[in-house]
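In the UniProt record's numbering, the protein residues as written are 1 to 217. Structure first, commentary second.
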Amino acid sequence: MQKGFTRRPKAQEPAPSHGTNYITPGGIERLKDERQFLLAKERPAVVAVVAWAAGNGDRSENADYQYSKRRLRQIDSRVRFLTKRIEAAEVIDPEAPRTGQRATRVFFGATVRFANSAGTQRTVSIVGTDEVDLDRNHISWASPLGRALMRAAEDDEVVLQAPGGTETLTVLEVRYERIDVEPFRVPLGSEVSPTDLTADPLQANQSATEPDDIEES
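What follows is the structure in structure tokens.
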């Protein structure tokens with residue numbers, strides 16, 4: 001087997017734009033499902049509590065009112081964040097047909113098997129920053145390991161620059177396959193029906209107003 005080359009990261013090497021949110025199909029669905037839940041289910045419920053608590057005496061000493069107002073601000077902040085991530089998303093499907101180097105080299109969505117100098121093997125899938133899941137070996141393309149592996153091919157050696165020092169890794173296999181992202185799960189204690197997650201969240205949120213107030217390059 002012919003030995004590949006050693007690829008060392010270059011400080012001046014251009015990286016994908018941080019303004020673009022590269023993400024897999026499963027990842028974008030999770031973001032949308034969470035936003036849907038917050039807008040169609042949790043926010044209206046919290047607004048109702050705020051309205052109820054507002055009528056129970058001095059608001060400054062009303063624990064229910066103060067907690068619900070604080071939770072409402074947290075929900076709105078999270079919704080704004082999710083909306084920005086969704087609007088900036090560029091969905092890349094690892095299962096989409098690929099040819100040439102797009103099929104043999106490491107790009108976003110690749111599943112890579114590699115070994116360190118001691119021969120210990122590991123397999124990781126390169127996903128978006130919103131999809132990192134170490135239990136599933138899903139790493140961000142922007143992580144030190146993700147950047148080290150990017151554009152490498154089978155038999156190439158890459159240099160990982162980590163806080164603990166540098167390490168040489170040998171790429172053993174590059175493949176593109178379905179990446180199963182952990183789906184959004186409704187928090188415990190918050191029951192929601194299927195219709196709640198299929199309704200238009202913006203329409204569902206119209207009456208819930210607060211009272212008085214990454215393709216590869």
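Don't be surprised by glycine CBs; every beta carbon is placed ideally from N, CA and C. Bear in mind that the values here come from a model prediction, so they are computed numbers and not experimental data.
Is there at least one Cβ from chain B nearer than 8 Å to residue i's Cβ?
i    : result
E157 : No chain B is part of this structure, which consists of one protein chain only.
Would you list the one or two residues that DSSP bridges to residue i?
i    : result
A115 : Q121 and T170
S143 : Its beta-bridge partners do not exist; DSSP assigns none.
V127 : S140
N21  : A89
A148 : Beta-bridge pairing links A148 to no other residue.
G164 : DSSP, once it has assigned bridges, lists no residue as partnering G164.
A110 : Y176
A153 : R105
Report whether the distance from the Cβ of residue i to the nearest heavy atom of the ligand MG is below 7 Å.
i   : result
D93 : The ligand content of the structure shown is nil, which means the ligand MG is not present either.
Using a Cβ-Cβ cut-off of 6 Å (strictly less than) and excluding sequence neighbours within five positions of residue i, which residues of its own chain qualify?
i    : result
G26  : V181
D64  : A53
S125 : T111, H138 and I179
M150 : V106
R175 : T111
V46  : S68, R71 and L72
A11  : Unreliable positioning characterises A11 in this predicted model, as indicated by a pLDDT of 42, which lies under 50. The coordinate reading is nonetheless provided below. Nothing meets the Cβ criterion.
Output needed for residue i: all residues of its chain with C-beta closer than 7 Å, excluding positions within five of it in sequence on either side, in chain order.
i    : result
V132 : H138, I139 and S140
P144 : L160, Q161 and A162
R122 : F114
A152 : R7, R105, V106, V158 and V171
Q116 : Looking at the sequence shown, residue 116 is not Gln but Asn. For N116, where only same-chain residues beyond five positions count, the Cβ hits under 7 Å are E167 and L169.
V49  : D64 and S68
R85  : N21, L31 and D130
Report the three-state DSSP secondary structure of residue i (helix, strand or coil).
i    : result
V159 : strand
D93  : coil
I179 : coil
D135 : helix
A51  : helix
A45  : helix
P187 : coil
Would you give the residue range spanned by the alpha helix (DSSP H) that residue i belongs to?
i    : result
I86  : A63 to E87
F37  : P25 to F37
A103 : Q101 to T104
Which same chain residues, not among the five before or five after residue i, have their C-beta less than 8 Å away from its C-beta?
i    : result
T83  : R35
P183 : G26, E29, R30 and D33
A103 : Y176
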